[in-house]
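What follows is one structure encoded as structure tokens, with my remarks underneath.
2 protein chains.
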Amino acid sequence: MAAIETITEQRCHGGVQGFYRHESESCGGPMRFALYQPPQAAREVCPVLYFLAGLTCTEETATIKAGAQRLAAELGLILVMPDTSPRQTGFDGATGDWEFGEGAGFYVDATEAPWSSRFRMHSYVASELPALLGRHFPVDVERSGITGHSMGGHGALTLALRHPGQYRSVSAFAPIVAPTHVPWGQKALPRYLGEDKATWAEYDACELVRRRTFDGTILIDQGESDTFLATQLKPELFDQACAEGGQSLLLRRHAGYDHSYYFINSFIDDHLRHHAQALGRL
Amino acid sequence: MAAIETITEQRCHGGVQGFYRHESESCGGPMRFALYQPPQAAREVCPVLYFLAGLTCTEETATIKAGAQRLAAELGLILVMPDTSPRQTGFDGATGDWEFGEGAGFYVDATEAPWSSRFRMHSYVASELPALLGRHFPVDVERSGITGHSMGGHGALTLALRHPGQYRSVSAFAPIVAPTHVPWGQKALPRYLGEDKATWAEYDACELVRRRTFDGTILIDQGESDTFLATQLKPELFDQACAEGGQSLLLRRHAGYDHSYYFINSFIDDHLRHHAQALGRL
């Protein structure tokens, strides 16, 4: 049984905000994640909501900035914030570019060397992490929801669409919805996955939702003053894909909001309630 | 009229989270502060709550970590988070020690060279900043409250006790209450203020509250697992001083909580409501 090392645990809103490290099989080395246990976790297993962060972020980013613990404590939701990639891989080109490599794992299972030996965030989040959590924390893995921001929104949508039944709810903040059609994806996907665009499509929420819908409404919030809106995010493409695929989507556009955690912090409570509803907490 | 430079402004909870820079007369150089305008500020002047941060912090710390904007938006409170000292002073010994100098202004008006020319945070927060805010933002300076954390809790208490009528409400998180009796104060105060302990007493909340009370209940939250509790904070000294001086005090001790912003984030809403009550917002 894989061991988990506790880095820190701190009291927060009546529960415990922890940071943990463990040896990951999927990612071939140490991985870190943050996990918040609400007060209810002291006496019962609780449903879990994953929050996947975006480019440049770590397990600390949403933990510190999203402001999710307050309502999670009220609703009885465990929060899990994984790091966005393996670290200190030593691979040529793994650092120094915020759009690729460490901090930019794009939640794929890389097939191209050298990335394929470490950059397997899809398997890590979908399989290894839930199994680990189920053994070490009072997590009811049968009741899982997933959300994320930007690259992490892409992660949340593709994971939910590719693993039917695993997540009861999915939402996203300013997600990358069509990586095969925008610069961020077109830069990262060939290096992780090779040139075959059929492989890329497995990590493209627009492509996936046309093939099979998610059982439930997908909630997406998007700021209208987001610098990346027109070039990298293009929520209208997902809107259209959902319409074509018959997917229920609640896409909310917010005037004046940008791509930052001030935006996320402003709407996180709505997302927590969206997930709590599906997870039997409301 | 002094100019204010806008560094950034971002939409947050229906209002605007801004960061600003200006030339400070009190501090003899540029100063930065963060200011949150709730939605109500678009149509009316609003009461203001100052949050003074602690050692090592900047104007960003509470802005990012305290989670105060959500309820401030609901209550219609403007939030002001000043930096904790002047920066880039170039003084020998001003950097490199987290307990003294830049990031550790202790909210005093220094009398000793070279500090006396720049480290005048008491006058800055008490006089210069309110006047500036009144001219540039929809702030009702007649309705002001003040709070802070650790060194900033010391700042909040001493400012409120020394300026009767200026603040309608005061609270603190894990404040330094007796700097003349604890290592942090005994290290910093002589360098800023010289060896005369009568001068130090002007910046010691325990000394001040024995002489004159604050008109209203002082709210203090303190974590029982705070590393600095027994050596630097000693809330029991303030409890006793308030009893002697006839000051109404609500000192709450919270089992398991430490000195971090996870602690502050857990109780910030109670403080916002405490101030909103006194500021006519509840």
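Going down the list, the protein sequences come from chains A and B. No gaps in the numbering here: position 132 of the first sequence is 246 in this note's numbering, and each next residue is one more. No gaps in the numbering here: position 10 of the second sequence is 124 in this note's numbering, and each next residue is one more. Where a beta carbon is used, it is the ideal one built from N, C-alpha and C, also for glycine. Bear in mind that the values here come from a model prediction, so they are computed numbers and not experimental data.
**Asked** Which partner residues does Gly370/A have in the DSSP bridge list?
**Response** Position 256 of the first sequence, counting from 1, holds the residue named residue 370/A. None, per the DSSP bridge assignment.
* Asked: Along the chain, where does the alpha helix (DSSP H) that runs through Ile378/B open and close?
  -> Mapped onto the second sequence, residue 378/B falls at position 264. Ile378/B -> alpha helix (DSSP H) spans 375-392.
Shorter than 8 Å from the beta carbon of Asp197/B to some beta carbon of chain A? Here residue 197/B refers to the residue found at position 83 of the second sequence. At a cut-off of 8 Å between beta-carbon atoms, Asp197/B makes no contact with chain A.
Report task. Taking the CB atoms as reference points, tell me whether Leu163/B and Gly259/B lie closer together than 8 Å. Result -> On the second sequence, residue 163/B is found 49 positions in, with the first residue counted as 1. On the second sequence, residue 259/B is found 145 positions in, with the first residue counted as 1. The answer is yes: Cβ separation under 8 Å.
Do Ala315/B and Thr294/B have their beta-carbon atoms positioned less than 8 Å apart in this structure? In the second sequence, residue 294/B corresponds to position 180, counting from 1. In the second sequence, residue 315/B corresponds to position 201, counting from 1. Cβ atoms of Thr294/B and Ala315/B: closer than 8 Å.
- Query: Rounded to a whole number of angstroms, what is the C-alpha to C-alpha distance between Asp223/A and Pro304/A?
  - Reply: As a position in the first sequence, residue 223/A is number 109, starting the count at 1. As a position in the first sequence, residue 304/A is number 190, starting the count at 1. Asp223/A and Pro304/A: Cα-Cα distance of roughly 12 Å.
- Reducing DSSP to helix, strand and coil, say where Ile178/A ends up. Looking up residue 178/A in the first sequence gives position 64. Looking at Ile178/A - three-state DSSP - the assignment turns out to be helix.
- Task: For Phe377/B, return the contacting residues in chain A, with the cut-off set at a CB-CB distance below 9 Å.
- Result: Numbered from 1 along the second sequence, position 263 holds the residue referred to as residue 377/B. Neighbours of Phe377/B on chain A, chain order: Gln124, Arg125, Cys126.
Put Asp353/A into one of helix, strand or coil per three-state DSSP. Here residue 353/A refers to the residue found at position 239 when the first sequence is read from its first residue. Looking at Asp353/A - three-state DSSP - the assignment turns out to be helix.
Practice task
Return the residue from the list Cys320/A, Gln280/A, Pro297/A, Ala288/A that minimises the CA-CA distance to Tyr371/A.
Solution key: Within the first sequence, numbered from 1, the residue matching residue 371/A stands at position 257. Per the C-alpha coordinates, the member of Cys320/A, Gln280/A, Pro297/A, Ala288/A positioned closest to Tyr371/A is Ala288/A.
Item to complete: Could you round the C-beta distance between Arg146/A and Asp206/A to whole angstroms and report it? I think they count as a contact, below 8 Å.
Response: Reading the first sequence from its first residue, position 32 is the one you call residue 146/A. Reading the first sequence from its first residue, position 92 is the one you call residue 206/A. Incorrect: roughly 23 Å between the Cβ atoms, too far for contact.
CB-CB under 6 Å to Asp353/A, same chain, minus the five flanking residues each way: which ones, in chain order?
The sequence position of residue 353/A within the first sequence is 239, counting from 1. Closer than 6 Å at Cβ, skipping near neighbours: Leu365.
What does Gly370/A reach in chain B if we use C-beta pairs closer than 8 Å? For the purposes of this step, residue 370/A is taken as residue 256 along the first sequence, with counting starting at 1. In chain order: Arg125.
Residue of Thr345/B, His136/B, Glu174/B, Gln202/B minimising C-alpha distance to Phe165/B
Here residue 165/B corresponds to residue number 51 of the second sequence, with the count starting at 1. The residue with the shortest Cα to Cα distance from Phe165/B is Glu174/B.
> For Phe133/B, which residues does DSSP report across the bridge?
Replying inline: For the purposes of this step, residue 133/B is taken as residue 19 along the second sequence, with counting starting at 1. Looking at the DSSP output, Phe133/B shares a beta bridge with Thr122/B, Ala148/B.
- Task: Give me whichever residues DSSP pairs with Asp335/B in a beta bridge.
- Result: Translated into positions along the second sequence, residue 335/B becomes position 221. Paired residues: Phe287/B, Arg366/B.
Spell out whether any CB of chain A is found under 8 Å from the CB atom of Ile178/B.
Translated into the one-based positions of the second sequence, residue 178/B becomes position 64. Taking Cβ atoms only, chain A reaches closer than 8 Å to Ile178/B, which makes this a yes.
Counting only C-beta atoms, is Gly360/A closer than 8 Å to chain B at any point?
Against the first sequence, residue 360/A aligns to sequence position 246. For Gly360/A, the answer is no, since every Cβ of chain B falls outside 8 Å of its Cβ.
Give a yes or no on whether the minimum CB-CB distance between Arg395/B and chain A is below 8 Å.
In the second sequence, counting from the first residue as 1, residue 395/B sits at position 281. Closer than 8 Å: no.
inquiry  = Starting from Val253/A, trace the beta strand (DSSP E) in both directions and tell me its first and last residue.
reply    = Within the first sequence, residue 253/A is the residue found at index 139, counting from 1. Here the beta strand (DSSP E) through Val253/A covers 253-262.
On the premise that Trp212/A lies in contact with Thr170/A, defined as a C-beta separation below 8 Å, what is that separation, rounded to the nearest angstrom? Position 56 of the first sequence, counted from the first residue, corresponds to residue 170/A. Position 98 of the first sequence, counted from the first residue, corresponds to residue 212/A. That belief holds up - the Cβ atoms of Thr170/A and Trp212/A are roughly 5 Å apart, short of 8 Å.
Note to self: Does Asp310/A pass the burial test, meaning 16 or more other C-beta atoms within 10 Å, or should it be called exposed?
What the structure shows: Within the first sequence, the letter at position 196 stands for residue 310/A. Per the 10 Å Cβ criterion, exposed.
Checklist entry - Hey, does Arg387/A have any beta-carbon neighbour from chain B nearer than 8 Å? => result Reading the first sequence from its first residue, position 273 is the one you call residue 387/A. Contacts with chain B at 8 Å (Cβ-Cβ) do not include Arg387/A.
Just curious, the beta strand (DSSP E) that Pro228/B is in, first and last residue? Working through the second sequence from its first residue, we reach residue 228/B at position 114. Where Pro228/B is concerned, there is no enclosing beta strand (DSSP E), given that its DSSP letter is neither H nor E.
Determine contact between the region 264-283 of chain A and the region 314-333 of chain A, defined as no fewer than three beta-carbon pairs at a distance below 8 Å.
By the Cβ test, the region 264-283 of chain A is in contact with the region 314-333 of chain A, since at least three Cβ pairs between them sit closer than 8 Å.
Any residues in the region 162-186 of chain B with a beta carbon nearer than 8 Å to a beta carbon of chain A? Which ones, in chain order?
Look at the region 162-186 of chain B: the residues with a C-beta under 8 Å from a C-beta of chain A are Ile178, Lys179, Gly181, Gln183, Arg184.
*Name the residues in the region 131-148 of chain B whose C-beta lies less than 9 Å from a C-beta of chain A; which are they?*
When CB distances to chain A are screened at a threshold of 9 Å, the residues of the region 131-148 of chain B falling below it are Gln131, in chain order.
Worksheet entry | Own chain, CB closer than 7 Å to Pro349/B, minus 5 neighbours either side, in chain order | On the second sequence, residue 349/B is found 235 positions in, with the first residue counted as 1. Around Pro349/B, the same chain offers Val291, Ile334, Gln336, Leu365 as residues with beta carbons nearer than 7 Å, after the five sequence neighbours per side are excluded.
Next item on the list: Could you tell me whether the Cβ of Ser339/B comes closer than 8 Å to any Cβ of chain A?
Entry: Counted from its first residue, the second sequence places residue 339/B at position 225. Chain A, which has a Cβ nearer than 8 Å to the Cβ of Ser339/B, makes this yes.
What three-state label does DSSP hand Cys320/A in the structure shown?
Taking the first sequence and counting its residues from 1, the one referred to as residue 320/A is at position 206. It is helical.
*Along chain B, which residues have their Cβ under 8 Å away from the Cβ of Ser374/A?*
Here residue 374/A corresponds to residue number 260 of the first sequence, with the count starting at 1. Going along chain B in sequence order, the residues near Ser374/A (Cβ under 8 Å) are Gln124.
Report the residue from Cys126/A, Val194/A, Ala344/A, Thr327/A whose alpha carbon sits nearest the alpha carbon of Phe251/A. For the purposes of this step, residue 251/A is taken as residue 137 along the first sequence, with counting starting at 1. Answer by Cα proximity: Val194/A.
Exercise. Looking at the C-beta of Ser264/B, does it have a partner C-beta in chain A at a distance below 8 Å?
Worked result: Your numbering for residue 264/B matches position 150 in the second sequence. Interface criterion not met: the Cβ of Ser264/B is under 8 Å from no Cβ in chain A.
With a Cβ-Cβ cutoff of 8 Å, do Gly360/B and Ser264/B count as a contact?
Taking the first residue of the second sequence as position 1, residue 360/B is located at position 246. Taking the first residue of the second sequence as position 1, residue 264/B is located at position 150. Contact flag unset, no.
- Using only alpha-carbon positions, find the residue among Gly143/A, Asp254/A, Thr345/A that is nearest to Arg395/A. The residue you call residue 395/A lines up with position 281 of the first sequence. The residue with the shortest Cα to Cα distance from Arg395/A is Asp254/A.
Rounded to the nearest angstrom, how far is the Cβ of Gly128/B from that of Ala187/B, given a contact under 8 Å? Within the second sequence, numbered from 1, the residue matching residue 128/B stands at position 14. Within the second sequence, numbered from 1, the residue matching residue 187/B stands at position 73. Indeed they touch by this definition, with Cβ atoms about 5 Å apart.
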